[in-house]
Amino acid sequence: MAKAVTPKDQRALVDRLMSACGGSYSPERRRKHFISGPQWAAAYQGQALFHAPTREPVSAGEVIRHFAEIGIGYWTTHDTDVISTEDLMTDRQAEIVDEIKKSLRQHGVRCSMVTCETFFHPVWAAGPAAEAPEVRAYAAARVENVVEIGHELGAQFLVYWPGTLGYLLQGAIDEAQTLRWYADAINAACERDIVLAGRKRQKSRNGKRAGTLRHCLEAKPFEPQAEIILPTTDAMLAFINSGLLKHPDMVGVNPEYLHELMWGSAPRAALARALVAGKLWHFDVNDGYRLKHDVDIGVGLVNPLDWVNVLMLLRSHGYKGPFNFDYKPPRTTSNYGVFKVSFPSAVDRFITLWEIAGEALADPVIEEATEALKAGGGDASSRDPAAIFAANKELLTLHELIAHRLVEILLGAHRGRTFH
Ligand code: GCO
Ligand code: MN
Ligand code: MN
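Sequential numbering from 161 applies to the sequence shown in the working numbering.
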C-alpha cells in the first residue's frame, strides 16, 4: 500500500506536481489577455443543494491579492459578494467600495464588471419582476445602485443574470407582463447610467453615449427555476429588440459557454448570432456537459476541441471584450488549491487554447482547404443541380480533412507527434 501523505506534506506535493505539469505562463504574459476573475468564483465555498461547504470564506482583498500574483488583470463582482444586502445603499457601502478601490490600486488590478444579485435573497422569491410593485421598485433601486458602484470602481461593463425570472409552478404568471416589468428594471439602470455619465462627460469628446457603461444580459436555460422566461442568449437578443427597452443601443449580451451548451446548442453558433447582431460584448468562460446542471467547470477540461473552435471564431471576428472566468473550483479543491492550481491552470489552458486557435487559423493545410471549398469546383452560372454536385464532389471531402487537421493541431500531431 502506498505510504500516507500526511497533511503537512500535501501542499508541497501539490506544488511539486503542479510544477511538473509545466505549461505555465508568467503573470506578465497572463496579463496581456483581457481575463477577469470573479469574486464569487474565487470565494465559492463548494456549497450546493446537497453539498455543505468545503472551503473557508475568502475576502475581496485576498482574492484581489491572489489575482495580482497569478496575473489575472481584472476583477468582477456581484454587489452582494462584497456588500451584505442590509448594507447596500448605506454609508457602509461607500466605505466598502473605498476599501476595494484601495486594494485594487495597491495590487494593480482593475474592476471590469459589476453584476447585480437578483436571485439569492428571499426578496427575489417571486423573481426580480414580481407582481408586487415594491419588489420591482426595489429591483430598480438595486440595479441603479450597481450602476453607481460600476462607475465608482471604474468598470466598463454591467451584467444582469435575471436568475429567478421564471417559475416553478405554471399558471400564476403572465409572461408578457413579466417581460415588461423586467424591461422597467433594465430601463432604470440605463437611465441612471446616462445621468451619471452625463456628470462625468466634460472630458469626453465624441458620441452622445460617451461614458455610459455596457449593460449585458446573461441567460441560463434552467436553474434556479424550472421554467425561465429568457432562457437563452437568442431570447435576450429578441428582448433587446422587442421595443420594451428604452435604450437598446446600451444593452448587449454576456453569453456563458456552458449556459448555451446546457440547452443543447452549439456555443459557437450562439456566439456567432450575437456577433453578427453586434451585441457580443462580454463572455463568461467555463466548461461542462450538454443537458446537465450548471457545473461551471474550468475552461477546456471537458470540451477542448470545441473551445479551440470557439476561440477561432472570436479571433477571426475580432472580439475584443473580456473573458470572464465564471467557473467554480470543484468542491474537492482546497482554499490553497483554488489559487495554486485552479485559477492558474484555467488561465494557462485558456492561453494555450487561444494560441492553438491562432495556429489553426494560420495553418496552411486548413487555409488551403478552406479557400478551395469557397472557390467551388464548377460554373457559377449553372442551374443543373446534378452538375453542381458533381463539380464539388471531391472538394467536399475537405470537411473531414479539416476536422482531422484541427484535432491534429489540438494534439500536437501536426508537429510530428506519433506513437509506435
Ligand atoms: C451562473 C451564472 C452566474 C452569473 C452571475 C453574474 O453560472 O449561475 O453564470 O454566475 O454569471 O450571477 O450575474
Ligand atoms: Mn455566468
Ligand atoms: Mn454557469
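Ideal Cβ placement from N, Cα and C applies to all residues, glycine included. This one's a predicted model, so the numbers in the text were calculated from it and none came from an experiment.
- Exposed is the label assigned to M161, since fewer than 16 other Cβ atoms lie within 10 Å of its Cβ.
- In the structure shown, L209 falls within a coil segment according to DSSP collapsed to helix, strand and coil.
- Within the stretch 338 to 398, the runs of beta strand (DSSP E) that reach at least 3 residues and sit entirely inside it are, in chain order, 374 to 377.
- A contact is defined here as three or more CB-CB pairs under 8 Å, and the stretch 468 to 476 meets this definition with respect to the stretch 507 to 522.
- By the neighbour-count criterion, in which 16 or more other beta carbons inside 10 Å mark a residue as buried, C276 falls on the buried side.
- Distances between the C-beta of E378 and the heavy atoms of ligand 1 include at least one below 7 Å.
- Contact between H311 and I346 is absent: CB atoms are separated by about 17 Å, not below the 8 Å threshold.
- With a beta-carbon spacing of about 6 Å, V218 and A202 fall inside the 8 Å limit used to define contacts.
- Counting only residues of its own chain and dropping the five nearest sequence neighbours on each side, L558 has a CB closer than 7 Å to the CB of A529, A532, L533.
- Excluding five sequence positions before and after V462, the CB atoms of its chain that fall closer than 7 Å to its own CB belong to D447, G448, Y449, given in chain order.
- In this structure the stretch 381 to 396 lies against the stretch 321 to 335, because at least three pairs of beta carbons, one per stretch, are closer than 8 Å.
- The C-beta distance from A300 to D344 rounds to 7 Å, short enough to meet the 8 Å contact threshold.
- The set of residues with any CB-heavy atom separation to ligand 2 below 5 Å comprises, in chain order, E416, D444, D486.
- Note: Y327 is bridge-paired with E387 in the DSSP secondary-structure output.
- Under the three-pair Cβ rule at 8 Å, the stretch 518 to 525 does not count as touching the stretch 537 to 550.
- DSSP places E416 in the strand class (E or B) of the three-state scheme.
- Membership of F549 in the alpha helix (DSSP H) is indicated by the continuous run 545 to 552.
- Inter-residue distance for I256 and R577 is about 53 Å (C-alpha atoms, whole angstroms).
- The beta-carbon distance between Y487 and V459, rounded to whole angstroms, is 7 Å. This is short enough to meet the 8 Å contact definition.
- Under the three-state reduction of DSSP output, V274 falls in the strand class.
- Counting the other CB atoms within 10 Å of its CB gives Y496 a total below 16, which places it among the exposed residues.
- Between the C-alpha atoms of A172 and L566 there is a straight-line separation of about 37 Å.
- The shortest CA-to-CA distance from Q253 to any of Y234, F280, R302, I232 is the one to R302.
- If you look at P198, you'll find it in the beta strand (DSSP E) that goes 195 to 198.
- Membership of W514 in any beta strand (DSSP E) is not indicated; the residue belongs instead to the alpha helix (DSSP H) covering 503 to 522.
- Burial check for P415: the Cβ neighbour count within 10 Å reaches 16 or more, so the residue is buried.
- With at least 16 other beta carbons inside 10 angstroms of its own, V269 counts as buried.
- DSSP, read as helix, strand or coil, puts D334 in coil.
- Burial check for E304: the Cβ neighbour count within 10 Å reaches 16 or more, so the residue is buried.
- Counting along the chain, L555 sits inside no beta strand (DSSP E), nor does DSSP assign it H or E at all.
- Taking C-beta atoms as the reference points, G197 and F485 count as a pair closer than 8 Å.
- Cβ atoms of D394 and R433 come within 8 Å of each other, at about 6 Å.
- Shown here, D486 sits in coil according to DSSP, grouped into three states, outside any helix or strand.
- Take G233, set aside five residues on each side of it, and the residues of its chain with a beta-carbon closer than 6 Å to its own are R191, in chain order.
- Judged by DSSP secondary structure, Y234 falls within the beta strand (DSSP E) whose first and last residues are 234 to 238.
- Within a 10 Å sphere around the beta-carbon of E378 sit 16 or more other beta-carbons, which makes this residue buried.
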